[in-house]
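Under our numbering, the first residue of the sequence shown is numbered 964, with each subsequent residue one higher. Just so it is clear, CB atoms sit at the ideal spot from N, CA and C, and this is done for glycine as well. Structure first, commentary second.
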Amino acid sequence: SPATTSNWRAPPSALPDATLLGEVGRGHAERVSDELREMVALVTECRALATADLPVFAANAARARGGLERERLARVTALSQWSSAAEARRRRKAAATLKALNDASAAAAAAFASAAAT
């Protein structure tokens, strides 16, 4: 009734008897116990599923680590090959430049020698 709901802050006019309090307490205890049993069952199921999944996760992690290691080795190999090829190109260019300088120096020396002889 509106009078009862509007005065909900007022202290009760009569306290419930011990029998009613006992019944309410037992009902509450049963509900809480049922909910706790249900929670324990769900946690146990979740633990079983997680325990079954752990080997799969470990295998996936190992496979991923193996793939990353292969990729790392492939990149190291590619970088080493590129570096070797670059060093070979540098040596060839340096040798070609040195040969060109020697040829130009020899040609200049020959030109000066023939000019001095005349």
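In the structure shown, the three-state DSSP call for residue 970 is coil. Secondary structure at residue 979: coil, using DSSP grouped into helix, strand and coil.
Residue state for residue 1007 is assigned as helix, using DSSP reduced to three classes. The straight-line gap separating the alpha-carbon atoms of residue 1072 and residue 1064 is approximately 12 angstroms.
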